[in-house]
Amino acid sequence: MADGATERTVPAAQRKTAPADGAKRQPRGEARRQEILDAAIEALARKGQRGLRLTELADGLGLKHSNLIYYFGSKDRLLGEAVEERERRESWFYEAHAMVSLAELPEAAELIMQNALFTRLYVVLAAESLDPDDSLHNFFVRRYERARQRIVTAVETDKQVGKIRDDVDARQVAHEVISMMMGLEIQWLMDPENVDYLGVMRAYTDGLFERFGTA
């Protein structure tokens, strides 16, 4: 990995972070740190981790490379922080919405549309993480498994209240739904003016109940 990064990326949710020299952060330093992180997220969403250069990032912010290293230590650590920031901004939705029904899929689509930059970030990073040796590979494997499990839970809940037939394979539906959403994300990101993400998801959700519903 470029820019001298040697540590394996670990999303920040799995570890504590601090300035590279261990100093206590001051409000001014925290603001600068967030500025760097925001710029890194935009760069990662455009170029991916392999295209990100810390020297270019520092130059764009009017910083020395050493100043950037002070805040994050390495490219891998910055990458992990970017992933954690995305998880943090998304977590409120999943805390407030337990996905108790497939009928809530359009709400998830709205969240994706409201956070286009972070959606693009994950699409790009996931595409770069297909190899098991890639630093974020296991993170995305676990993330997609959690997403499928949320759909499984929604299907099982719909079964309990009589909205979905008992013979429907919840796991199979979960694979289909996640595949649909991921494919639609890519099309929407590439051509947002001609891809009605929310409209397609609403129609798709209605179709799920037509295929698997009890009515």
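Each step along the sequence shown adds one to the number in UniProt numbering, with nothing skipped, and position 49 is 49. Think of the CB as a built atom: it goes at the ideal place given N, C-alpha and C, for glycine as much as any other residue. It should be emphasised that the depicted structure is a prediction, and the values quoted were computed from it without experimental measurement.
Touching or not, the segment 123-138 and the segment 197-211, by the rule of three or more beta carbon pairs under 8 Å? no
Q) Whole alpha helix (DSSP H) runs in the segment 89-153 with 4 or more residues, listed along the chain? A) 105-114, 116-127
Given that a residue counts as buried once 16 or more other Cβ atoms are within 10 Å of its Cβ, and exposed if not, what is V83? buried
Taking just the CA atoms, how far does N115 sit from Y144?
-> 18 Å
Report the residue from R211, L117, V155, P132 whose alpha carbon sits nearest the alpha carbon of M190. Minimum Cα-Cα distance from M190 among the listed residues R211, L117, V155, P132 corresponds to L117.
**Asked** Using DSSP with H/G/I as helix, E/B as strand and the rest coil, what is residue 216?
**Response** What is shown of the chain runs 1 to 215, which leaves residue 216 out entirely.
Leaving out the 5 sequence neighbours to the left and right, which residues in its chain are closer than 7 Å to G48 when beta-carbon positions are compared?
-> V124, L125, E128
> So is S66 buried or exposed if we call it buried at 16+ other beta carbons inside 10 Å?
Replying inline: exposed
Exercise. Between the C-alpha atoms of D131 and A215, what's the straight-line distance to the nearest angstrom?
Worked result: Spanning the two alpha carbons is a distance of roughly 44 Å.
Q.
Could you check whether the segment 152-162 touches the segment 101-108, counting it as contact only if at least three pairs of C-beta atoms, one from each stretch, sit closer than 8 Å?
A. yes
Notebook entry, point to check: Just reading off the alpha helix (DSSP H) that T205 is part of, what are its end residues?
Noted result: 197-212
Just to confirm my understanding: we take H175, look at its own chain, exclude 5 residues before and 5 after, and list those with CB closer than 7 Å. What are they?
R148
field: Own chain, CB closer than 7 Å to Y204, minus 5 neighbours either side, in chain order
entry: Excluding positions up to five away in sequence, the list reads M180.
If we ignore side chains and look at the alpha-carbon of each, how far apart do A213 and R86 end up?
Note that residue 213 is Gly in the sequence shown, not Ala. Straight-line Cα distance between these residues: approximately 34 Å.
query: What first and last residue would you give for the alpha helix (DSSP H) that runs through G60?
result: 54-60
Considering Q49, what are the terminal residues of the alpha helix (DSSP H) in which it resides? Counting along the chain, Q49 falls outside any alpha helix (DSSP H), and DSSP gives it neither H nor E.
- Message: My output table needs one value for A215: the three-state DSSP class, helix, strand or coil.
- Response: coil
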